Amino acid sequence: MGFAALVHSPDFEGKEKHVPSMTLSDSAIGTVVTVQVGKDVLHPTTPEHHIEWVKVFGETQEGKIVEVATLTFGKGTSLPSGSIVIKKENYKSLTALSYCNLHGVWDNSLTL
Ligand SMILES: [Fe+2]
């Protein structure tokens, strides 16, 4: 079984608390990508149950997949949200993966 088979898509049961949403806004230095896990229903943030990290990948204009950023959170000590700044014109799309220590890996993509 490949890793892709283990990743939960945005419509999998439990999506409300686990899917990493991405919203874009302009800034003076580039496009701000704000990532939040559990945008509609707050995910638990306890030592026993928490989001450990979010990884953001980009598909370049040339069709290559590159890592854009990794956001790491304390084990139940910080809410799973953060922002990065990109040059939007460099990418066709972004994909974020979030990892819950109990419920696995979830993904979400955004076409730019
Ligand atoms: Fe969870």
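Using UniProt numbering, the first residue of the sequence shown is number 1, and each one after it goes up by one. All C-beta atoms in this analysis are idealised placements derived from N, C-alpha and C, irrespective of residue type, glycine included. None of the values given here were measured: they were computed from a predicted structure.
For the options K92, S83, G2, the alpha carbon positioned closest to that of K64 is the one of K92. Within 7 Å of the C-beta of H8 there is not a single heavy atom belonging to ligand 1.
Secondary structure at L110: strand, using DSSP grouped into helix, strand and coil. For K17, the uninterrupted alpha helix (DSSP H) segment begins and ends at 15–18. In the three-state DSSP reduction, L97 falls in the strand class (E or B). Proximity to V56 across V32, A5, G76 peaks at V32, based on C-alpha coordinates. For L71, the uninterrupted beta strand (DSSP E) run begins and ends at 65–72, by DSSP.
Placement of the Cβ of K17 at a distance of less than 7 Å from at least one heavy atom of ligand 1 is found. In the three-state scheme derived from DSSP, where H, G and I count as helix and E and B as strand, E59 is classed as strand.
Set against 7 Å, the gap from the CB of L79 to the closest heavy atom of ligand 1 is not smaller. Straight across, the Cα-Cα distance linking T34 with K75 is about 20 Å. Residue burial is scored here from C-beta neighbours: S25 has fewer than 16 other C-beta atoms within 10 angstroms and is therefore classed as exposed.
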